[in-house]
Structures are given as C-alpha cells and as structure tokens.
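Student:
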Amino acid sequence: MLEQKLEQLKTIFAEMEQALIAYSGGVDSTLIAKIAYDALGDRALAVTAKSPSLLPEELEDACIQAAAIGITHEVVETYEMDNPNYTSNPINRCYFCKSELHDTLKPLAQQRGYPYVVDGVNADDLRDYRPGIQAAKERGARSPLAEVGVTKAEVRQLSKQLELPWWDKPAQPCLSSRFPYGEEITVRKLERVGRAEIYLRRLSVSNLRVRSEGDTAKIELPPEQIKEFILTTDLPKLVSAFQELGFVYVTLDLEGYRSGKLNRVLSKEALGAGSSEL
Numbered sequence: 010m011l012e013q014k015l016e017q018l019k020t021i022f023a024e025m026e027q028a029l030i031a032y033s034g035g036v037d038s039t040l041i042a043k044i045a046y047d048a049l050g051d052r053a054l055a056v057t058a059k060s061p062s063l064l065p066e067e068l069e070d071a072c073i074q075a076a077a078i079g080i081t082h083e084v085v086e087t088y089e090m091d092n093p094n095y096t097s098n099p100i101n102r103c104y105f106c107k108s109e110l111h112d113t114l115k116p117l118a119q120q121r122g123y124p125y126v127v128d129g130v131n132a133d134d135l136r137d138y139r140p141g142i143q144a145a146k147e148r149g150a151r152s153p154l155a156e157v158g159v160t161k162a163e164v165r166q167l168s169k170q171l172e173l174p175w176w177d178k179p180a181q182p183c184l185s186s187r188f189p190y191g192e193e194i195t196v197r198k199l200e201r202v203g204r205a206e207i208y209l210r211r212l213s214v215s216n217l218r219v220r221s222e223g224d225t226a227k228i229e230l231p232p233e234q235i236k237e238f239i240l241t242t243d244l245p246k247l248v249s250a251f252q253e254l255g256f257v258y259v260t261l262d263l264e265g266y267r268s269g270k271l272n273r274v275l276s277k278e279a280l281g282a283g284s285s286e287l
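All residue numbers for the sequence shown refer to our numbering, where the first residue is 10 and numbers rise by one.
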C-alpha cells in the first residue's frame with residue numbers, strides 16, 4: 010500500500026512537468042520536495058516564506074535540507090503581520106496566513122512558468138481544524154499527500170525509506186500558534202516565544218511548546234519527559250531566563266504537550282465553518 014502511494018506521488022509530479030513547492034522545512038514539505046526533485050529535477054522549485062512567525066533556526070534548517078536534497082531553493086518574505094485580520098488572532102488566523110503565502114507564491118509561479126503550486130498538507134490535516142487549507146484551495150494549490158491519502162505516520166515512513174535524515178523531525182508550526190485565540194500577535198511577542206523555545210531546546214528538550222498567555226509562559230513537554238525535566242533542570246535559572254525575556258510568570262503544563270490543544274475552546278460550529286475537504 011505504501012509503495013503504491015509513493016508511485017502515485019511520483020506520477021502526480023511527472024504529469025505536472027513543473028512545480029513550485031511551498032516549502033516550510035517540515036517533514037511533510039521536505040518529503041514533497043524530495044519526490045518532486047527526483048521526478049522533475051531542475052523543473053522543481055522549493056520556496057520558503059520568511060516572516061516573524063518563523064524561527065530563524067527553522068529557516069536555516071529549511072535551507073540546509075533543500076541543499077541536501079538538491080532542489081533549487083529560494084526564500085521570499087511574506088507580510089501577514091501587516092494584516093490586522095491576522096494579528097488580531099481570530100480562530101481562522103491561519104486562513105489569512107496561508108492567503109498571504111499563496112498570494113505571494115502563485116504570481117511567482119506564474120512569472121517563472123510553473124503551472125502548479127504544491128504544499129505538504131497530508132491526509133491527517135484534513136481531519137483537524139485547518140482554515141489555511143481552504144485559503145490554499147481557493148488559490149488553486151495542490152496537496153499531493155492528501156490527494157493520495159498519505160497520513161502523517163506514512164510521511165515519516167516514506168521519509169525514512171527515502172533516507173531523509175529528518176524523517177523524525179518534530180512538528181514545528183508557526184510561532185503564532187502559541188497564543189490563545191483573541192490575544193493580539195506582535196513581533197515582540199513572537200520573538201519572546203521563539204527565544205524561550207530556543208532556550209529549552211538547548212537543554213536537549215524535544216517536541217516542546219512555550220504557550221504565551223499574556224505575561225505567562227506555559228511550558229508544554231512530552232508527558233514522558235516531564236519528571237526528568239523537573240529533576241534535572243535548574244528551574245530558578247530557567248525562570249530567571251524567561252523573566253529576562255519579558256515573562257512575569259513561568260508555568261509547566263502537567264498534562265504535557267498535545268497537538269492542537271488550543272483548539273479545545275472552539276465550538277463544533279466554529280470548527281465546521283473553518284474545515285475544508287480536498
């Protein structure tokens with residue numbers, strides 16, 4: 010079954026003949042970039058959007074990974090932070106982010122002669138609250154992983170099979186996802202959260218989040234890492250470091266990290282309004 014899906018993905022790109030990849034550097038778009046490059050060579054272009062919501066380290070990783078794959082890679086700037094519909098952080102914030110992204114990539118693709126803009130949306134994404142999917146769909150973007158029915162677990166399996174070193178890279182959504190809906194997003198707040206997460210990464214903590222709620226930093230770790238973190242971390246030093254960044258309070262979420270946790274506050278009606286199917 011997995012081999013069949015891989016062949017279907019190769020066929021999709023072969024039929025496209027040319028494609029521009031919306032490349033974040035995450036495991037999904039990295040797999041897409043690899044398959045596209047193998048099928049199309051220099052007729053595939055990976056483009057990464059640079060904005061305050063992307064950690065500089067993530068942008069650097071994207072550049073390194075694209076170079077390792079061999080695919081031509083470019084970086085463009087996006088300006089979602091200039092849009093109050095985005096910075097006011099409504100429940101459909103991602104719609105405005107992806108609108109800005111694809112309003113940047115689509116003209117670039119047309120200018121360069123690429124008939125398709127492709128993203129890394131997978132089949133599991135369609136079952137979550139992802140208003141950005143609708144924005145991409147409205148602008149004609151293709152999502153081969155979702156079209157073929159490739160799940161997140163299968164993305165990692167295929168990435169490992171294709172010997173991509175980043176097959177087990179933790180998901181790293183944009184920094185704006187660290188704020189509760191309705192709290193205004195600013196460049197300063199994004200920088201503060203980003204620097205806090207970098208601090209924790211340097212403690213060898215993986216798959217973490219620092220949620221920002223007003224003046225409070227809420228640290229989320231995988232449940233199995235919480236006990237060791239408490240026992241081995243210099244907590245007063247950590248609190249001091251976070252306070253230097255501008256946080257007043259520093260807390261640890263005892264439930265641990267769960268993807269999409271902030272979406273728990275959404276009603277079924279709101280989720281339905283933002284959902285999309287390919």
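Where is the CB? At the ideal position from N, CA and C, for every residue including glycine.
Any chance the stretch 205-216 sits against the stretch 97-113, with 3 or more Cβ pairs inside 8 Å?
Tutor: No, the stretch 205-216 is not in contact with the stretch 97-113.
Student: Just checking my contact of Arg220 with Arg187 at CB under 8 Å: how many whole Å lie between their CB atoms?
Tutor: Indeed they touch by this definition, with Cβ atoms about 5 Å apart.
Student: Would you mind giving the Cβ-Cβ distance between Asn98 and Asp37, rounded to the nearest angstrom? I have them listed as a contact below 8 Å.
Tutor: Not really, about 24 Å apart at Cβ, beyond 8 Å.
Student: Which of helix, strand or coil does DSSP assign to Ala53?
Tutor: strand
Student: Can you look up Ile100 in the DSSP assignment and give me helix, strand or coil?
Tutor: coil
Student: Please list, in chain order, all residues of the same chain as Leu68 whose beta carbon is under 8 Å from its beta carbon, the five residues on each side excluded.
Tutor: Gly34, Thr57, Lys59 and Val84
Student: Helix, strand or coil: how does DSSP classify Leu263 here?
Tutor: coil
Student: Reducing DSSP to helix, strand and coil, say where Thr242 ends up.
Tutor: coil
Student: Tell me the rounded alpha-carbon separation between Leu244 and Glu264.
Tutor: 19 Å
Student: Do Ile80 and Ala53 have their C-beta atoms closer together than 8 Å?
Tutor: yes
Student: Does DSSP put Arg139 in a helix, in a strand, or in coil?
Tutor: Residue state for Arg139 is assigned as coil, using DSSP reduced to three classes.
Student: Would you mind sorting Asp91 into buried or exposed? The rule is 16 or more other CB atoms within 10 Å of its CB.
Tutor: exposed
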